[in-house]
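Trainee: Residue numbers (the numbering used here), protein chains in the order written: chain H, 18 to 209; chain G, 18 to 209. Backbone N, C-alpha and C define an ideal beta-carbon position, used for all residues, glycine too. Quantities reported herein were computed from a predicted structural model and do not represent experimental measurements.
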DNA sequence: CGCAAGTGAGACATGAATGTCTCACAAGGA
DNA sequence: TCCTTGTGAGACATTCATGTCTCACTTGCG
């Protein structure tokens with residue numbers, strides 16, 4: 018009978034371990050299981066008891082990232098108001114997960130086609146649909162495909178996340194930099 | 018007396034090896050030295066005779082990337098015409114190196130602060146100076162810092178490179194997608 | 001007070017990539 | 001033809017992350 022009660026100090030909060038691992042791997046994607054364990058304040062043995070191996074850990078992080086992404090998509094209410102407003106809300110909701118997403122984004126690049134998690138496809142569809150809505154409403158230009166705008170959003174978020182980490186961009190500017198570049202571009206708009 | 022003449026078939030063209038390695042590592046950044054050697058059509062022993070180790074190979078690729086970047090910067094004549102035109106030329110010149118640059122871009126993320134190649138700093142300065150020039154001439158908006166625009170350029174090029182590799186974006190649209198998003202953004206411009 | 005459960009520390013084996021070495025072979029030059 | 005040079009193939013030791021195991025310790029509970 019597996020009652021999920023805490024027994025001892027039970028520092029082994031699965032959630033806490035995942036958060037620590039995400040924070041560490043975001044900074045150093047090649048960190049060892051030993052380093053991950055130390056970062057979480059547990060021993061390597063305990064880490065192994067929770068996640069069968071490095072693969073399982075990364076998969077769990079991927080699931081966490083997808084979960085947070087979909088939560089952000091829900092919270093951003095992509096169908097409300099103009100598409101532009103929805104994009105702004107979406108970036109705001111995704112900001113807290115940016116580090117984890119940046120890690121997963123590059124991690125996925127080296128999963129050479131052995132099939133990635135279906136969750137990403139679901140997310141891609143929803144984001145692309147938002148851009149498509151903006152195109153159909155006349156807000157967004159139609160020469161940039163929704164697929165590319167989606168990809169660009171991911172890329173800009175990852176770039177911004179690293180730029181903030183390395184101090185090249187102020188953390189408080191994260192949202193503004195991404196949204197303004199993605200929506201408005203670098204060119205100065207002529208005053209109407 | 019080391020005369021640099023060819024002796025046998027001399028399939029070991031250092032340039033060719035680097036190109037092959039770049040092409041392979043761009044697709045699979047975790048490729049083995051053995052795989053790199055096979056991709057170049059040489060044995061692992063010969064590969065090792067040219068590059069002391071994996072580190073040396075990556076360093077050589079980094080040097081190649083920097084070299085191509087600076088060549089692109091030169092060819093783009095960043096000082097000529099408007100900054101906008103210069104950005105368009107720059108992306109065009111960088112397109113052929115996009116895969117290699119994308120590989121090096123992510124590779125650098127896991128060099129946790131142990132000092133990266135000075136060449137990148139030189140390139141950063143030149144690109145940032147271009148964006149600064151655009152700001153001072155009134156072409157570019159001033160609320161997006163040159164450092165961020167530089168970072169965004171790298172990020173968009175890497176994203177576009179992957180998107181093309183995975184078939185989500187047509188290769189022929191590479192230049193247009195990057196330049197238009199970076200300069201104009203997703204929002205439709207009001208017709209003047 | 002014991003018992004059960006979970007943990008930390010560490011030993012140990014495994015597998016993979018790496019780096020080093022030797023040896024035989026092919027090709028060009030004297 | 002002989003010698004030099006560079007190469008391919010393979011054996012070998014090494015390193016490192018990983019996965020598995022044991023054992024002692026601590027804590028909560030009956």
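Could you tell me which residues DSSP puts in a beta bridge with residue 157/H?
Mentor: In the first chain, residue 157/H corresponds to position 140, counting from 1. Note: residue 157/H sits in a beta bridge opposite 204/G.
Trainee: Please return the same chain residues whose Cβ sits closer than 8 Å to the Cβ of residue 156/H, not counting the five positions on each side in sequence.
Mentor: Indexing the first chain from 1 puts residue 156/H at position 139. So the qualifying residues of the chain are 99, 100, 101.
Trainee: Can you find a C-beta in chain H that's less than 7 Å from the C-beta of residue 31/G?
Mentor: Here the question's residue 31/G lines up with position 14 in the second chain. Output row for residue 31/G: interface = no.
Trainee: Determine the contact status of residue 54/H and residue 117/H, defining contact as a CB-CB distance below 7 Å.
Mentor: Sequence index remark: in the first chain, residue 54/H carries index 37 (1-based). Sequence index remark: in the first chain, residue 117/H carries index 100 (1-based). Their beta carbons are not under 7 Å apart, which means residue 54/H does not touch residue 117/H by this criterion.
Trainee: Looking at chain G, is there any beta carbon in it that lies within less than 7 Å of the beta carbon of residue 181/H?
Mentor: One-based indexing of the first chain puts residue 181/H at position 164. Not one chain G Cβ lies under 7 Å of residue 181/H.
Trainee: For residue 57/G, count neighbouring C-beta atoms within 10 Å of its own C-beta (all shown protein chains included) and say buried if the count is 16 or more, exposed if not.
Mentor: Counting from one through the second chain, the residue named residue 57/G turns up at place 40. Per the 10 Å Cβ criterion, buried.
Trainee: Report buried or exposed for residue 154/G, applying the criterion of at least 16 other Cβ atoms within 10 angstroms of its Cβ.
Mentor: Residue numbering aside, residue 154/G sits at position 137 when the second chain is read from its first letter. Exposed: under 16 other Cβ atoms inside 10 Å.
Trainee: Going straight from the alpha carbon of residue 139/H to that of residue 184/G, what length do you get?
Mentor: Numbered from its first residue, the first chain carries residue 139/H at position 122. Numbered from its first residue, the second chain carries residue 184/G at position 167. Their backbone Cα atoms lie some 18 Å apart in a straight line.
Trainee: By how many angstroms is the C-alpha of residue 173/H removed from the C-alpha of residue 190/H?
Mentor: Residue numbering aside, residue 190/H sits at position 173 when the first chain is read from its first letter. Residue numbering aside, residue 173/H sits at position 156 when the first chain is read from its first letter. So the alpha carbons of these two residues sit roughly 13 Å apart.
Trainee: Are the CB atoms of residue 199/H and residue 203/G within a distance shorter than 7 Å?
Mentor: Walking along the second chain from the start, residue 203/G turns up at place 186. Walking along the first chain from the start, residue 199/H turns up at place 182. Yes, these two residues count as a Cβ contact at 7 Å.
Trainee: Short of 7 Å in beta carbon distance, which residues of its chain neighbour residue 192/G, apart from the five on each side in sequence? Order them along the chain.
Mentor: Within the second chain, numbered from 1, the residue matching residue 192/G stands at position 175. Cβ neighbours of residue 192/G beyond the five flanking positions: 108, 109, 112.
Trainee: Buried or exposed: which applies to residue 196/G, given that a residue is buried once 16 or more other Cβ atoms fall within 10 Å of its Cβ?
Mentor: Numbered from 1 along the second chain, position 179 holds the residue referred to as residue 196/G. Result: buried.
Trainee: Taking the alpha-carbon positions, what's the residue 146/G to residue 170/G distance?
Mentor: The residue you call residue 146/G lines up with position 129 of the second chain. The residue you call residue 170/G lines up with position 153 of the second chain. Cα to Cα, residue 146/G sits roughly 13 Å from residue 170/G.
Trainee: For residue 178/G, I'd like the list of residues in its chain whose CB is within less than 7 Å of its CB, leaving aside the five on either flank, ordered along the chain.
Mentor: Mapped onto the second chain, residue 178/G falls at position 161. Excluding positions up to five away in sequence, the list reads 115, 116, 119.
Trainee: On the criterion of 16 or more Cβ atoms from any shown chain inside 10 Å, does residue 34/G qualify as buried, or is it exposed?
Mentor: Along the second chain, read from residue 1 onward, the residue named residue 34/G stands at position 17. Result: buried.
Trainee: For my contact list, residue 122/G and residue 80/G are in at a C-beta cut-off of 8 Å; report their separation, rounded to the angstrom.
Mentor: Looking up residue 122/G in the second chain gives position 105. Looking up residue 80/G in the second chain gives position 63. Contact flag wrong, Cβ pair sits at about 15 Å.
Trainee: Tell whether a beta-carbon distance below 7 Å holds between residue 50/H and residue 71/H.
Mentor: The residue labelled residue 50/H in the question sits at position 33 within the first chain. The residue labelled residue 71/H in the question sits at position 54 within the first chain. Yes. Within cutoff.
Trainee: Rounding to the nearest angstrom, what Cα-Cα distance links residue 91/H and residue 103/H in this structure?
Mentor: Within the first chain, residue 91/H is the residue found at index 74, counting from 1. Within the first chain, residue 103/H is the residue found at index 86, counting from 1. Taking the straight line joining both Cα atoms gives about 11 Å.
Trainee: Between 201/G, 182/G, 205/G, 83/G, which has its C-alpha nearest residue 44/G's C-alpha?
Mentor: Along the second chain, one-based indexing puts residue 44/G at 27. Out of 201/G, 182/G, 205/G, 83/G, 182/G has the C-alpha closest to the C-alpha of residue 44/G.
Trainee: Where does residue 95/H sit, in a helix, a strand or coil, going by DSSP?
Mentor: Numbered from 1 along the first chain, position 78 holds the residue referred to as residue 95/H. In this structure, residue 95/H counts as coil in the three-state DSSP scheme.
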